[in-house]
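Residue numbers (my numbering): 1 to 143.
Where is the CB? At the ideal position from N, CA and C, for every residue including glycine.
What follows is a set of notes on a single structure, which appears directly below.
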């Protein structure tokens, strides 16, 4: 998992210094948080955004959460936002108890296959996307 932090730090540093890696525009997606707040991805332009697709039943997903928590703690005040998108089919019924056991300091929202497909055609989780300040997806990492 330390490799994840190293990769994230490298990519975020690269994103802050240049957008030369920019590939495609991030999708305009609006998510709902557990408390019913709407979370509009397009409103985060100007920040580096890390979008992590995960599920409560996914061992590798659960294993990397502490790294994301630590990373967010260190970079949230430096223009970095993390968004955890749960792909649990049972929705909040499954996610809410998990969040009570594992407090997470970054926003968690619900997603589905349709939303995931707007990012790319990935077929495994965890999958993480890094979006630069201009709203372009500059990196995708699975595993």
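| Query | Result |
| --- | --- |
| Residue of 101, 131, 143 minimising C-alpha distance to residue 46 | 131 |
| Cβ-based burial, residue 30 [other Cβ within 10 Å; buried from 16] | exposed |
| Near the ligand MG: residue 135 beta-carbon under 6 Å from a heavy atom | Looking at this structure, you won't find the ligand MG or any other ligand, since it has none at all. |
| Under 7 Å between C-beta atoms of residue 53 and residue 87 | yes |
| Reduced DSSP category for residue 95 - H, G, I as helix; E, B as strand; rest coil | helix |
| For residue 106, the three-state DSSP class (helix, strand or coil) | coil |
| Local conformation of residue 83 per DSSP, three classes | strand |
| Residues sharing a beta bridge with residue 24, DSSP | 137 |
| Residues that residue 32 bridges to, as DSSP identifies them | 38 |
| Nearest to residue 34 (by Cα), restricted to the options 111, 27, 23 | 111 |
| Beta carbon of residue 81 nearer than 7 Å to that of residue 109 | no |
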